[in-house]
Amino acid sequence: MAKTFAEINEKIKKGEAVVLTAEEVVRMADEQGLKATAEKVDVVTTATFGPMCSSGAFVNFGHSDPPIKMAKVWLNQVPAYTGIAAVDAYIGATELAEGREDYGGAHVIEELVAGKSVRLKALAQGTDCYPRKELEGYVSKETINEAFLFNPRNAYQNYVAATNSTNRILYTYMGMLLPKFGNVTYSTSGQLSPLLNDPYLRTIGVGTRIFLGGTQGYVAWHGTQHNPQKARGENGVPVGGAGTLSLIGDLKAMTTEYLKAAVFKNYGVSMFVGVGIPIPMLDEDMARFVTVRDREIKTTLLDYGVPGRSRPTLKVVDYEELKSGFVELNGRKVRTAPLSSIFKARQIAATLKEWIERGEFLLQEPAAPLPADATVKPLDVKELD
Amino acid sequence: MVKERFTFVFSPDTYAKPITYHLVKDYDLRINILRAEITPGEEGHLLAEIEGEEDNLRRALEFLAAEKIEVIPTTRQVTVRQEECVHCGACTAVCFSGAMAMNREEWKMEFRPEKCIVCGLCIEACPLRIISVGFGGGKAGEA
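Protein chains in written order, with our numbering: chain A, -15 to 369; chain B, 307 to 449.
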């Protein structure tokens, strides 16, 4: 029995929709079978809370008197990009404060969300219509005109697991990798992860309403490095990093509970971003997708000790193994650890479920699908003469 | 029998004393040295796991106090601001003593200070910078 977005939304409005998290729906399918699950369940909530470097915020500061056309901007000494209109800037999560390695754009964003004052410094060339050349003082989310999170690449559909063959500690965005295959890290919430529950992106597209940083946000576009051509398992789930999403939402309405600055030693600053996506149970095909289990989600274990673009795949592992705490590698048990918080992902999936059950969050049918034929090009430059 | 971990802090005046000999011989304690940093003429630190009868341990600690050797339980050296933890698990990737461990039912990081060997790797691994360790004389909360 197929359902439409509109029919599911009618049920949500009446408070009659059956909503389960991606973990709960697995248990239901085990007990009642796929067909009954497809019929009874209307929405499945998915979530992830991991470090996502490709994050940042657009800020419109409002106009000073006399007005200024900001050419250089710093927020708490973190440079923001200003090559747009007079008082607009983009602060990237990974941009570092000048002279510091442990504080960056993600911290500024977190402090803004927390309601703290942030020191703004702006310089300008001075023009006839924008005569002011300097400005310095404190701003907060209460005083700035607008602020919205805009993340070019989030919610990676699967990601690799990492280890290290060298004889020294590697400091990476996958955390600290101990020498001689001393540990393995991974960064996907497995069977709770949004794009792993809709592997062909049948229900997620431009305009999809989501949970973002503690409030409602939207899918703006496909994310950078979107790669739906990645090799897939029999269940359609890509083995390794594939689809990605570009996300947008009102920064002022977000909470620091779901938006947290992160520091990775000798790598830099990143940002934990909480993302939740509702998947409508349109038919039995979707029931099959949303009941994917950790053991059915596979990824490649790469050796980050090889500094090239193509790191060797040591083996293919599944998330049941990764989440067990150990994987077998070269005949011995190697400790595994996550980098994305499954605890937080569960909180997000449960919160999104509550919003839908209370009728506060309706599903949004995509305005356009995400590209299914995109590929990722490497950087191969024509060398200078 | 009790088993506890301590860091002994030696001053330039006390570093040369055969302290572990006395602990074994006089108080019948089993000593497992986990980490040591002792530089002649300077302050030194010894992290050890001590096992023995409770009364013997108490008397040994009195002996150390009389010898002016500072004794800091490991539970006082490591601080995790747990209310700020997001339970990502990055610290558990590097903690081989099992002090930082993931509860795989709730997926929450659980800190067990009695297992800590004060190696300090978790400080570097924590993306939120909410773990502090004061090895050898440092108090909990001091990096």
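Ideal Cβ placement from N, Cα and C applies to all residues, glycine included.
In the DSSP assignment, B:Glu357 forms a beta bridge with B:Lys309 and B:Arg336. As far as DSSP is concerned, A:Lys125 takes part in no beta bridge.
Taking 9 Å as the CB threshold, B:Leu352 stays off the interface with chain A. Secondary structure within the region 296 to 325 of chain A: the alpha helix (DSSP H) runs of 4 or more consecutive residues, fully enclosed, are 303 to 308 (chain order). One thing to note: B:Ala366 has its Cβ within 9 Å of the Cβ of B:Asp332. The beta carbon of A:Ala(-14) lies closer than 8 Å to those of Leu266 and Asp267 in the same chain, with the five residues before and after it left out. A distance below 8 Å between beta-carbons, with the five flanking residues on each side excluded, links B:Leu363 to the following residues of its chain, in chain order: Val308, Glu310, Tyr333, Leu335 and Ile356.
A:Asn(-7) and A:Tyr202 have their C-alpha atoms roughly 17 Å apart. Secondary structure remark: continuous beta strand (DSSP E) runs of at least 3 residues inside the region 14 to 48 of chain A, in chain order: 27 to 35 and 40 to 44. For chain A, the residues of the region 393 to 407 of chain B that bring a beta carbon within less than 7 Å of one of its beta carbons are His393, Cys394, Gly395, Ala396, Thr398, Ala399 and Val400, in chain order. Taking a contact to require three or more Cβ pairs closer than 8 Å, the region 152 to 161 of chain A and the region 190 to 210 of chain A do not qualify as touching. With respect to the 9 Å criterion, A:Lys214 and A:Asn138 are not classified as neighbours on the basis of their beta carbons.
Three or more Cβ pairs drawn from the region 298 to 310 of chain A and the region 320 to 329 of chain A lie within less than 8 Å of each other, which places the two stretches in contact. When secondary structure is reduced to three states using DSSP, B:Trp413 falls in the coil class, being assigned neither helix nor strand. Straight across, the Cα-Cα distance linking A:Phe165 with A:Val300 is about 15 Å.
For A:Asn167, the number of other beta carbons within 10 angstroms of its own is at least 16, and it is reported as buried. Taking 8 Å as the upper bound for CB-CB distance, A:Ala41 and A:Ala131 are in contact here, some 6 Å apart. Secondary structure remark: continuous alpha helix (DSSP H) runs of at least 4 residues inside the region 194 to 272 of chain A: none found. Shown here for A:Ala55: same chain residues with a beta carbon closer than 7 Å to its own, the five before and five after excluded, namely Thr66, Leu107, Ala108 and Gln109 in chain order. Taking a Cβ-Cβ cut-off of 7 Å, the neighbours of B:Lys414 in chain A comprise Phe327, given in sequence order. A Cβ-Cβ separation of about 5 Å places A:Ala6 in contact with A:Val28 under the 8 Å criterion.
Bridge pairing for A:Met160: A:Tyr155 [DSSP]. By the C-beta density criterion, A:Ile326 is buried, having at least 16 other C-beta atoms within 10 angstroms. Around the C-beta of A:Gln16, fewer than 16 other C-beta atoms lie within 10 Å, and the residue is accordingly described as exposed. In terms of Cβ geometry, A:Lys236 and A:Ala90 do not form a close pair [threshold 9 Å].
The beta-carbon distance between A:Asp287 and A:Asn151, rounded to whole angstroms, is 13 Å. This is too long to meet the 8 Å contact definition. In the DSSP assignment, no residue is bridged to A:Glu349. When the five nearest sequence neighbours on each side are left out, the beta carbons in the same chain lying within less than 7 Å of the beta carbon of A:Val2 are those of Lys24, Val25 and Asp26, in order along the chain.
A:Pro63 is bridged by DSSP to A:Trp58. For B:Leu427, the closest of B:Glu420, B:Pro419, B:Val400 and B:Lys421 by C-alpha to C-alpha distance is B:Val400. Going by DSSP, A:Val3 is part of the beta strand (DSSP E) stretching over Val3 to Thr5.
If you check each beta-carbon in the region 135 to 163 of chain A against every beta-carbon of chain B, the ones closer than 7 Å belong to Gly159, Met160 and Leu162.
Excluding the 5 residues flanking it on each side, A:Asn211 has same chain C-beta neighbours closer than 6 Å at Ala226 and Val360, in chain order. Collapsing the DSSP output to three states places B:Asn362 in a helix.
With 16 or more other Cβ atoms inside 10 Å of its own Cβ, A:Cys37 counts as buried.
Interface residue (Cβ-Cβ distance to chain B less than 9 Å): A:Asn60 is not classified as such.
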